[in-house]
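Numbering (this note's numbering), first residue to last: 309 to 459.
Heads up, the thing below is written out as structure tokens.
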């Protein structure tokens, strides 16, 4: 459900377009209705967003793999690239008191990304949440900087 496919994060990098990439919603896997979730995932943490969308929390192992995949894609970019990490959470469900709050899984993602990216990819770490205004301003400023450099 809602897959961007295996080519996600490839086009801008290949075209040399400046990009600021983050980790929004990498704490979840999307499924359709609750009864569409494969049996192999029973026992995992779920959030029923609405009758048509069920979300499953990613594990530390899955997040480490996601970090490796994203790193490979960003390392292949030919234009200015930054990776912005919101260390206080990656989705609206990834905050203390919500269904997907998971510092261990988030840290596995952040560690894999930090270890996997090349020096050409600028790492922007903030102690903010993905949905915080401060985070939005930081990534907008970085993209603005990249765009002005290209003028």
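Where a beta carbon is used, it is the ideal one built from N, C-alpha and C, also for glycine.
Of all C-beta pairs linking the stretch 425-434 to the stretch 331-349, fewer than three are shorter than 8 angstroms, placing the two stretches out of contact. Counting only the Cα atoms, residue 359 lies some 30 angstroms from residue 444. Look at residue 358 here: in three-state DSSP terms it is strand. Per DSSP, reduced to three states, the secondary structure at residue 336 is strand. Contact between residue 335 and residue 366 holds: their C-beta atoms lie close to 6 angstroms from each other, under 8 angstroms. A direct Cα-to-Cα measurement between residue 343 and residue 408 gives close to 20 angstroms.
Distance from the CA atom of residue 455 to the CA atom of residue 326, rounded to whole angstroms, is 7 angstroms. The shortest C-alpha to C-alpha distance from residue 314 to any of 381, 341, 361 is the one to 381.
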